[in-house]
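In the numbering used here, the protein residues as written are 336 to 582.
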C-alpha cells in the first residue's frame, strides 16, 4: 500500500502543470528578480558602489511594470550597463514576456508548440488561438518601427545638445516613452522639464506615449479600418477615452 501511495504521488507530481496565468506571473516575478540582481552588481553603478537589494528590486519592479517610480536618479547613478538593464526591463515589461520569448524563438528558428501558443493567447488577451503568433510578430514589427522613427527624431534633436550621446538618449527615451515607463536619463530628477518649450521633443514624446498607450489591438484596428464606423467597440471606447482625458 505504501509503495502504491508513493507511486501515485509521483504520478501526480509528473502530471502537475502550471497554468498559463501562473507561468506569466512567475515569468514576470523571475524577470524582476533577475533584473534586480543585475542592478546590484558593481557594473550597474556609475561609481562602482553597489545599490542595496531593496532599491534594486524597487527599480526593477518599476521598470518591468512601467510605473516610472525611482529611488535614485537613473541618469547619474547608473552606468551604461545599468541603464541598458533598465531599458531592457522596460521593453520586456512593455511588450510582455511571451512576446520577447517569441522573438528569441523566431531568431533560433524554434517551432512554437501548442502550450506556448496558449500562454501567448493569455498574454495577449485573445479569445482564440487563431493568429496569436501572427499577432505577436505584428506587435514586434510595429514596436520596432515606431520606436525607431521616434528615436531617430529625438536622436537628431539631442545630438545638437549632447553630441554623440544624444543619439543614445534619443533611442533610449523613445523606448521609455512608447512603453509609458516614465524613466529618463537627463539627470538630477529634472526629467524633460528643460525641454518644456521644445516642440520637437514634446510632440515626439507625446505621440510615442499615446501610441503605446492605445495598445496594439487598437493600432491594428485603425490600420485596417479607415473609417470610424468600421472600428470595433473596444477601439472606439479606447480612442474616445484617450481624447477625452487629453483634452
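Ideal Cβ positions, reconstructed from N, Cα and C, are used throughout, including at glycine.
Residue 475 and residue 414 have their alpha carbons spaced roughly 28 angstroms apart. Residue 366 sits close to residue 427, with the two beta carbons spaced by under 9 angstroms. Nearest C-alpha to residue 380 among 431, 491, 571 and 417: 417. Where residue 516 is concerned, there is no enclosing alpha helix (DSSP H), because DSSP gives it neither an H nor an E. For the pair residue 527 and residue 540, the CB atoms are nearer than the 9 angstroms cut-off. For the pair residue 394 and residue 371, the CB atoms are nearer than the 9 angstroms cut-off. Beta-bridge analysis with DSSP links residue 380 to 413.
In the pairwise beta carbon analysis, the region 503 to 514 is classified as touching the region 480 to 493: at least three pairs are separated by under 8 angstroms. Taken atom to atom, the span from the alpha-carbon of residue 471 to that of residue 368 is near 25 angstroms. When DSSP states are grouped into helix, strand and coil, residue 386 belongs to the coil group. Close CB contacts of residue 373 within its chain, under the 7 angstroms cut and outside five residues either way in sequence, are with 379 and 420 (chain order). A check of alpha carbon separations from residue 552 across 430, 409 and 386 identifies 430 as the nearest. When the Cα atoms are used, residue 565 and residue 506 turn out to be separated by approximately 34 angstroms. Counting every other CB atom within 10 Å of its CB across the protein chains shown gives residue 388 a total below 16, marking it as exposed.
If you compare the alpha carbons of 412, 422, 572 and 558 with that of residue 402, the shortest gap goes to 422. If you draw a 10 Å sphere on the C-beta of residue 409, you find 16 or more other C-beta atoms in it, and that means buried. Taking each of 575, 548, 489 and 501 in turn and checking the Cα distance to residue 534, the smallest one comes out for 489. Annotation: the continuous alpha helix (DSSP H) that includes residue 579 extends over 568 to 581. Taking C-beta separations shorter than 8 angstroms and ignoring five residues to either side along the sequence, the partners of residue 425 in its chain run 398, 399, 401, 510, 511, 514, 516 and 518, following chain order. Each residue's CA atom was taken as its position, placing residue 407 and residue 559 some 43 angstroms apart. In this structure residue 555 touches residue 473 by the C-beta definition: roughly 7 angstroms separates them, less than 8 angstroms. In the three-state reduction of the DSSP assignment, residue 393 falls in the helix class.
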